[in-house]
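To start, the structure under review is shown below, and the notes come after it.
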Amino acid sequence: MTAYLIADIKMKDPKWVPAYAASVHDLVHKHGGKYLSRSGNVKTLEGKPLDTTLIALMAFPSEAAARAFTNDPAYAPFVSARQGGSDSRFQLIDDTDLAGTIPYLPKG
């Protein structure tokens, strides 16, 4: 079952970004993942805007693969840099439909 990792980031100090951007995609790919988007072009269409300055959306073949990425020891220094230079939140969702009414998604 596909798992999606949503990284919601508010920059405080962008010094960490160049090394992170140059290296972390290789770690994502190592665990079978791929970026679907990594954009600072965030627009709120409904509701109160968050202070988000960057959202990254990644797809992994499974929750285990996404967790393997986030727990990879090679990722640890990038995590520390990101957490030191931003307020960030990582959320994991699967590809199910909670209502069970979309025929091409598994019922959640």
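When we follow UniProt numbering, the leftmost residue of the sequence shown carries the number 1, and every step to the right adds one. Glycine is no exception: its CB is placed at the ideal position from the N, C-alpha and C atoms.
- Note on geometry: alpha-carbon atoms of Val79 and Phe90 lie some 11 Å from one another.
- The Cβ-Cβ distance between Leu5 and Leu92 falls below 8 Å.
- Taking C-alpha positions only, Arg38 is separated from Gly84 by approximately 19 Å.
- The Cβ atoms of Gly33 and Leu54 lie no closer than 8 Å to each other.
- Ranked by Cα distance from Ser23, the first of Arg82, Asp87 and Gly108 is Arg82.
- Taking 8 Å as the cut-off, the beta carbon of Phe69 is found no closer than this to the beta carbon of Val17.
- In the DSSP assignment, Tyr75 falls outside any beta strand (DSSP E), carrying neither H nor E.
- Under DSSP, the beta-bridge partners assigned to Asp8 are Ile55 and Arg89.
- Looking at the backbone, the Cα of Asp95 and that of Arg67 are separated by about 16 Å.
- A direct Cα-Cα distance of roughly 30 Å separates Val42 from Pro73.
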